[in-house]
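S.K.: One structure follows; several queries about it will come next.
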Amino acid sequence: MGNQLTGEAPAIIYPVEHYLTDIPHYEFDCSLGSTRFFKVVRARCKEGLVVVRIFVIQGSSVPLPLKEYQDRLDVIYKSLKNLPNCLPFQKHVKLDRAAFLIRQYIKYSLYDRLSTRPFLTLIEKRWIAFQLLCALNQCHKVQVRQFFCVCFLSNQDNPADFSYFFDTSRRRVCYIAPERFIGRPPSEKNSDGSLDESQNKVYKELSPAMDIFSAGCVIIELFCDGTPPFDLSQLLNYSCKNYSPWKLIDTIPDNNIKFQFSNFRLLALKLMLRLSKYVTSDIILDRILPHMLYFTQDPLPEVRAETIRTVTACIRNLKSVPRNDANVFQDYIIPALSPLLSDEVLQVRLTFAENIAELADTAVKYLDMAQAQEIREVIVQLKDQQRDKASISETVINVKKTAEELKPEIQEVESNYDMELHQLKDLIHQKIFQLLSDPNHAVKMTLMANGMDKLCLFFGRQKANDILLSHIVTFLNVKDDWRLRACFFKTVVDVTMYVGWQCSEVLLPLLQQGLYDVEEFVITEDLLALKKLTNHRLLNKIMMQTLVCDAAALLAHPGPWIRQAAVGFITAVAQAYDIPDIHCKLMPQLKPFLSRNVMQLRKPAVVLDALSDPIPREVFDYLLRSPLLESVYEVLAKLQKYARSISRQARNPELDESLSQVFRKLTSLGLTEEFEKKLLAMKEFMLRLHKNKTGSSESIHKTSIHSTPGNINIAVFGRGITRRHADLHKNRDSGDIQAAAAAAGKNRKPKKQDSVIMAVITRYAKCKWELRDLVHHRRAQFEADILLTDAISGIAWDTHHPPDTWKPKGVLVAHLQEHRGAINRLSVSHDHKYFASCSNDGTVRIWESGKLEGKTAANRSKVCLNKQGGKIKCVTFLERGNSVASASDNNSIHVYRLDGGSVQLEDSRTLDVRTYGQIMDMTHFDTGAQSILTYATVSSHIIGWDLRSSNPAWTLHNDPRHGLITSFAVNQSQCWLAAGTSSGALVCWDMRFRMPINKMQHASGRKVRRLTMHPSEQSLLVASFNWNNEVSMWDAETGQRQRTLWPSSSPALSYTKLNKTREDDGICSIYVGSTDTKTFVLTGGTDMRLRFWDLSYPANSMCFNYGLDDPRTLSLNYRSQLIEGSEVIQELETQREPLDKYETEREMHLMHSAPLLGHHDIVNDLTLCHSTQTLVISAARNGHIKVWK
């Protein structure tokens, strides 16, 4: 309907319900809005509520074409009635006084829904947008258009028309497509009575693009929470390019939706690129490129990045360049793209680095084309001048003979070309230098990985050496990014091949440096680069021999990639050597690492098959971590024949305590005589790699131990006794070493080697014994001082102890069920007045432990914290304070302060998921000088956040090869911590020196579910594994398992898959407590049972709450036995007599009249709380918390 439907002003204005009386069966309910054009009411009929739009027909001298629109409504109804996403007007009635459009009533419009609680979530907004687009698509398929607004062309000179026809909401919101605005409405005819041709064309061509524009405006308002992108004045300015809605679009939180709006610009770039394939070079340079370069200032980084790619691809379609446009690259294209070099978005800078080589190559190509074209024009002129003297062919030949015979015009062309080429190279040099100086290493790596060979050809041999090679060699000095160092070795071959073998001597120390890199992937890339350089004969024989001496040790490296790459380089050298060089120079370097003699060193498969076993990974890593590596090599070199005997002895007079422990550890890790020989052959490699790993600046030099009878190198013992080791080493039995050595050799036949060693023992000086006793005494004194310091400073495990006779009775005190999701952690405050619970429902609830029982019992939380977002995975109270910290799966950490009944957000931070991964566990400890909130992430980071500063106090990076961190615990002495991983590894870290000190591996290889520390034994840690509900106690000093709790029907300490239904059972929650005389453990897990383990009297252990599926006749007993050198407390299942009928009925009555005692789901955590009495608090995956006494 259009302006022509406006009639004369009515003589009498009736209320809207007056017109509704003309149609039967419809009763007026209320008015929904009114304009001068349409009146809208809600009416009642026998089918329910309907919406009725009323158009009043007034007397008019001009007849209205209502019949035409009535026919169009019939067509639209038939087209849309079967479409699932469309709701057309279901009935239309034309009477004398009015015309009616009737459809079903919908309670909320989209605008109403946006402002109604609960507010739409992001996924709901996506669903609504999807339905709108589906409706638009269905309408267009049946050729129905302009359903978002009435078919009308507004007159932009008269805003009253907009108010008359469209502004029913009085919001002045206008979503009409700009192309529908014309100077005059179609009803205003020309003087001859005909419509203007241009107006008639616009009026008839109602395109789908108009609907798409209107739908886009609706979607913007939807995702901007009701903020409209256009009102009438803004839309008119937008049609004149004086207004842009992009500031509003940038506020859309959904990047995918925001990117859909940038798709139009990306599509425009793609269309221009396709068009450039079919037009001339003049049109590309004069028409298409300016439009493309306009997008370099686009607010969206995706569009700016795509502009670089499109411009680079477009200029490749140039078939020729006019002479007057020969400088288009250095004068226009590259300067227009240059601001993107300093773009704040990394994606844009990466795209520039990806395409700069292609831009430079294309620029010089078309500069050559322009020069050749100009020379041809000069030659044509010369031909015309010499037409009477010689033929055209002779003229061409004469022109090409010598430079002296060329005319000055040609010399001038060449001179101009050289100057322009020099300017172009200087310009590209500036851009390359800026890219290589980018603070983000990814830009540098992208530049080197894309077209480095083209840049070498562009700059020429000398400048490639001065510009490219001189810059990329600095990448080896970047110690914090191994990928950049690896990228250097990937690129250096291409540059060297172009520059020539002359630069190889400069690269030799760099190639050697790569062989001792701390990252194994860099070593692999270095070896692959050496292979290529050797195959291309860019290394002379002296350099090859030097590099072979360094690389031969890598044949015994535990990394398979490094061994294969080393074999590739060795075989490439063998192909470059002649036969005498192979046998005289190459074979002696390889012999210590081969299991048999090899004649065909030029075949990689043969050499790989002949390699002997590599050094075990555990031995290799342990030696590199050891601060006594030099001393180990001195001992191996001096006592190679007796190394195995030395390593077997518990005490050896030739070695101090630290070295003896190192050799014992190496033997347990698999060190044999064969590997000792290989280690001696790898000495230079191991020492240099150890120096690089520790970051030491000292030069590697040889030292010797002059340990003769009566002469002891005291420095060796002093270096081994450090504070870092003191509190992690128990006092060994200080019995007579001679007696221990004699007992060790009592049951074996004496050999010549034994007699030599025993002779040394009997003649050892007395000062050695005194020194050993002094060391043991100092260690014991240090451990006592640590315990005393902990007691004074209040760092003890827990000052609240239950009485000696306490054990849980299994009596349910409280049943708390406020949480609506799985509960992940519980935490008790330092004074035990409160405890906190966190859940997947996104809340942290604080409970008062004193109100869980008695007359004032209140089974509801005191505080609910629900503003953090995401699923709350960890919660912990802060020591020495009334603050609580929580961690969510959205990687945010919030610290709240509890002041009476109020809660305030004290601090917060958010971790980068891409760098650290999600937070897995969290705890807190207070050193006095620092308040450290410690959390572990899935990417093997353990971070200590000092709450008194904004930056982390320290960061530990666990070796990813040990598995992902699943749990961790800090020792109460705050000197060390332990982390459990998904592969069953327990890794101990010294927190003062920030380095790993020991690693224990569980036999099953299953993940560690929970990890905690022993309250009284300083070196014991307690861990549960995802295997048969096992809980083990490990000694961090010796790496041995001391005690195991085995609540499973499978044979104790069996690690074969006998019972597949229960092998994945695991203890999810552990609490280790102590009384004055004994230690106990509380556990809960996947079997929903709650157990009390008495470590002093195992028979007193009990299950104080059975699982929901356990039979009522089940009885559990506990016994202790010694298996494989460790104590195992095993749970035994027996069946008791069934209950009689009376007891069964009584139990069923209690079960139906009160909450079930047992948990219905997995027990995720439990803890102990001391209020008026000792209470056990357990939390399950179904959101229920139970309190027991």
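Here the sequence shown is numbered in our numbering, starting from 166 and rising by one per residue.
All residues carry an ideal CB built from backbone N, CA and C; glycine is no exception.
Source: prediction; values computed, not measured.
#1: Measuring straight from C-alpha to C-alpha, what distance separates residue 740 and residue 706?
#2: What are the boundary residues of the alpha helix (DSSP H) that includes residue 848?
#3: Measure the Cβ-Cβ separation of residue 216 and residue 205 and say whether it is below 8 Å.
#4: Would the beta-carbon of residue 769 fall within 8 Å of that of residue 732?
#5: Any contact of the region 583-601 with the region 524-532, i.e. 3+ C-beta pairs under 8 Å?
#6: Is it right to say residue 374 is buried, meaning 16 or more other beta carbons lie within 10 angstroms of its own, or is it exposed?
#7: Could you tell me the distance, in whole angstroms, from the CA atom of residue 1110 to the CA atom of residue 1191?
#8: Between which residues of its own chain and residue 622 is the CB-CB distance below 8 Å, once the five residues before and five after are set aside?
#9: Secondary structure at residue 450, three-state DSSP: helix, strand or coil?
#10: I need the DSSP call for residue 1335, collapsed to helix, strand or coil.
#11: Around the C-beta of residue 519, are 16 or more other C-beta atoms found within 10 angstroms, so that it is buried, or is it exposed?
#12: Return the residue from the list 688, 291, 1058, 398 that minimises the CA-CA distance to residue 650.
#13: Please report how far the alpha carbon of residue 1178 lies from the alpha carbon of residue 676, in whole angstroms.
#14: When the Cα of residue 386 is compared with those of 280, 1183, 1013, which residue comes out closest?
#15: Please report the distance separating the alpha-carbon of residue 844 from that of residue 1286.
#16: Taking only the alpha-carbon atoms, compute the straight-line gap between residue 402 and residue 459 and give it to the nearest angstrom.
#17: CA-CA distance, residue 766 and residue 772?
#18: Identify whether residue 1249 lies in helix, strand or coil by the three-state DSSP scheme.
#19: Whose CA, out of 1037, 1036, 1016, 266, lies closest to the CA of residue 1027?
#20: Quick one: give me the first and last residue of the beta strand (DSSP E) that residue 605 is part of.
#21: Taking the alpha-carbon of residue 250 as reference, which of 287, 292, 219 has the nearest alpha-carbon?
#22: Rounded to whole angstroms, what's the CA-CA distance from residue 1187 to residue 1176? Just pull it up for me.
#23: To which residues of the same chain is residue 692 closer than 6 Å at the C-beta, ignoring the five residues directly before and after it?
#24: Am I right that residue 1149 and residue 1137 are in contact with their C-beta atoms under 8 Å? What's the rounded C-beta distance?
#25: Are at least three pairs of beta-carbons, each pair with one atom in the region 255-268 and one in the region 286-303, less than 8 Å apart?
#26: Whose CA, out of 1354, 1336, 1337, lies closest to the CA of residue 1343?
#27: Quick check on residue 1183: buried or exposed, where buried means 16 or more other Cβ atoms within 10 Å of its Cβ?
#28: Could you check what DSSP says for residue 240 in three-state terms: helix, strand or coil?
#29: Since residue 835 and residue 783 are thought to touch, with beta carbons under 8 Å apart, how far apart are those beta carbons, to the nearest angstrom?
#30: Rounded to a whole number of angstroms, what is the C-alpha to C-alpha distance between residue 647 and residue 858?
#31: Between which two residues does the alpha helix (DSSP H) holding residue 1370 run?
#32: Mark residue 184 as exposed unless 16 or more other C-beta atoms lie within 10 angstroms of its C-beta, in which case mark it buried.
#33: Using beta-carbon positions only, say whether residue 728 and residue 779 come within less than 8 Å of one another.
#34: Strictly by DSSP, which residues pair up with residue 420?
#35: Between the Cα of residue 581 and those of 489, 346, 657, spot the shortest distance and give me the residue it belongs to.
#36: Buried or exposed for residue 1246, going by 16 or more other Cβ atoms inside 10 Å?
M.R.: The short version:
#1: Distance between the alpha carbons of residue 740 and residue 706: 12 Å.
#2: Element bounds for residue 848: 848-859.
#3: Going by C-beta atoms, residue 216 is nearer than 8 Å to residue 205.
#4: In this structure, residue 732 lies closer than 8 Å to residue 769 by Cβ.
#5: In short, these stretches touch, since the Cβ pair count reaches three.
#6: Exposure of residue 374 is indicated by the presence of fewer than 16 other C-beta atoms within 10 angstroms of its C-beta.
#7: Straight-line Cα distance between these residues: approximately 30 Å.
#8: Correct list, in chain order: 526, 663.
#9: Note: residue 450 maps to helix in three-state DSSP.
#10: If DSSP states are grouped into helix, strand and coil, residue 1335 belongs with the strands.
#11: By the 16-neighbour rule on beta-carbons within 10 angstroms, residue 519 is buried.
#12: Comparing Cα-Cα distances from residue 650 to each of 688, 291, 1058, 398, the minimum goes to 688.
#13: Whole-angstrom Cα-Cα distance: 47 Å.
#14: Considering only alpha carbons, the answer is 280.
#15: Taking the CA atoms as reference points, residue 844 sits about 42 Å from residue 1286.
#16: Roughly 20 Å between the two C-alpha positions.
#17: Cα-Cα distance, rounded: 6 Å.
#18: Here residue 1249 sits in strand by DSSP.
#19: Of the listed residues, the one whose Cα sits closest to residue 1027 is 1016.
#20: Under the DSSP assignment, residue 605 falls outside any beta strand (DSSP E); it carries neither an H nor an E label.
#21: The candidate whose alpha carbon is nearest that of residue 250 is 292.
#22: The alpha-carbon of residue 1187 is positioned some 6 Å away from that of residue 1176.
#23: Residues of the same chain with a CB within less than 6 Å of the CB of residue 692, apart from the 5 flanking positions on each side, are 730, 731, 734 in chain order.
#24: The Cβ separation is near 25 Å, so there is no contact.
#25: Between the region 255-268 and the region 286-303 there are fewer than three inter-stretch CB-CB distances shorter than 8 Å, so the stretches are not counted as touching.
#26: With distances taken between Cα atoms, residue 1343 lies closest to 1354.
#27: With 16 or more Cβ atoms within 10 Å of its Cβ, residue 1183 is classed as buried.
#28: Here residue 240 sits in helix by DSSP.
#29: Right, their Cβ atoms sit about 7 Å apart.
#30: Residue 647 and residue 858 have their C-alpha atoms spaced approximately 13 Å apart.
#31: In the structure as shown, the chain starts at 166 and stops at 1354, and residue 1370 therefore has no counterpart that could be examined.
#32: Burial state of residue 184 is buried, judged by a 10 Å Cβ sphere holding 16 or more other Cβ atoms.
#33: Their beta carbons are under 8 Å apart, which means residue 728 touches residue 779 by this criterion.
#34: None, per the DSSP bridge assignment.
#35: In terms of CA proximity to residue 581, 489 leads the group 489, 346, 657.
#36: By the 10 Å Cβ count, residue 1246 comes out buried.
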